[in-house]
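Comments concern the structure below.
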Amino acid sequence: MSPNETLTPSAPASGFARAAGAPSVTAIVTDGENVLSGPTTVPSQGDAMPAWMARPAGQHDALPVVIVVQEIFGVHEHIQDLCRRLAKVGYLAIAPELYFRQGDPAHYDDVGTLLTELVSKVPDSQVLSDLDHTAYFAATQGGDLRRLAITGFCWGGRISWLYAAHNPQLRAAAWYGKLTGDKTLTMPKHPVDVATQLTAPVLGLYGAQDKSIPLETIETMRQALRAANADAEIVVYPEAGHAFNADYRPSYHAPSAQDGWQRMLAWFARFGVK
4 MSPNETLTPS APASGFARAA GAPSVTAIVT DGENVLSGPT TVPSQGDAMP
54 AWMARPAGQH DALPVVIVVQ EIFGVHEHIQ DLCRRLAKVG YLAIAPELYF
104 RQGDPAHYDD VGTLLTELVS KVPDSQVLSD LDHTAYFAAT QGGDLRRLAI
154 TGFCWGGRIS WLYAAHNPQL RAAAWYGKLT GDKTLTMPKH PVDVATQLTA
204 PVLGLYGAQD KSIPLETIET MRQALRAANA DAEIVVYPEA GHAFNADYRP
254 SYHAPSAQDG WQRMLAWFAR FGVK
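Using the working numbering, you'd call the opening residue of the sequence shown number 4 and step up by one each time.
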């Protein structure tokens, strides 16, 4: 199968998630020039998992791979655009729909209902296995698993920390996500619990004004990382709040987001992903 078979130039966007509210005027739309992108399906655990993939057009050498892990809102237009941005700078980027067995986040109108009726029912163990299959699929599409990274935002950032302790092939991870919390059957561990098990270097990018991820939990994570002698770095932006990279939301803080994006790219390059 050709690695470009399911992708088309400038594939149309699927829209923003309703539960996230009306998109802000700051929403970034990345053009599809020299990018192949579109929906695809990933064989995983006996199912066909929907995903969005983007890659540079006209490049046939093995590409570095970045798995992009969704926010609670699923793989909507913002996540698809992040994939296009990564493809623009030479990555094969793929974002799997990690809730697909439990439901569709596009069907929800508010965050509270989305969290209680869908997100809370998605087991971490299922997600980590689906991410493994996503990586294997990327390799069949021209990806180089010797250069594998992951990035995630909010819900996806927590998952990225966990994946950095799960897959020894992973070279690097980056961005923000919850670090501590109550343990449940679906979420038996949090990033602070796996600090000693990290096998990939992690760059944490956080906002000092984030009420969902308080500064004291960031300090707790820093202490755990120091105690584990883990290869990780945490940067805190003084003026940024929750979801500061989400350019389609009022929470967007452009200076912090732009600096974080460049730090992420440099982090990936530093650890041999690019």
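A virtual CB, placed ideally from N, CA and C, is assigned to each residue, including glycine.
- Gly155 carries a strand assignment under DSSP once its states are collapsed to helix, strand and coil.
- Closest by C-alpha distance to Gln212, out of Gly244, Val195, Asp113, Arg229, is Gly244.
- Short of 6 Å from the beta carbon of Gly207, and not among the five residues preceding or following it, lie these beta carbons of its own chain, in chain order: Ile237.
- In the DSSP annotation of this structure, Asp34 is not part of any beta strand (DSSP E), being labelled neither H nor E.
- Beta-carbon to beta-carbon, Ala57 and Val38 are separated by about 6 Å, close enough to satisfy the 8 Å threshold.
- C-alpha of Ile97 to C-alpha of Ile70: approximately 5 Å in a straight line.
- For Glu236, the enclosing beta strand (DSSP E) stretches over residues 235–240.
- By the Cβ test, the stretch 26–38 is in contact with the stretch 85–96, since at least three Cβ pairs between them sit closer than 8 Å.
- In the three-state DSSP reduction, Ala272 falls in the helix class (H, G or I).
- Rounded to whole angstroms, Thr154 and Leu173 show a C-alpha spacing of 11 Å.
- Within the model, the alpha-carbon separation for Gly115 versus Trp55 is close to 26 Å.
- DSSP places Gly207 in the uninterrupted beta strand (DSSP E) bounded by 205–210.
- If you draw a straight line from the Cα of Met190 to the Cα of Pro126, it is about 6 Å long.
- Around Ala257, the same chain offers Thr29, Asp250 as residues with beta carbons nearer than 8 Å, after the five sequence neighbours per side are excluded.
- Take the alpha-carbon of Val78 and the one of Val239: they are about 26 Å apart.
- Nearest to Ala23 by alpha-carbon distance, out of Ser47, His63, Leu148, His81, is His81.
- Contact check for Val276 against Arg161 fails: the beta carbons are separated by 7 Å or more.
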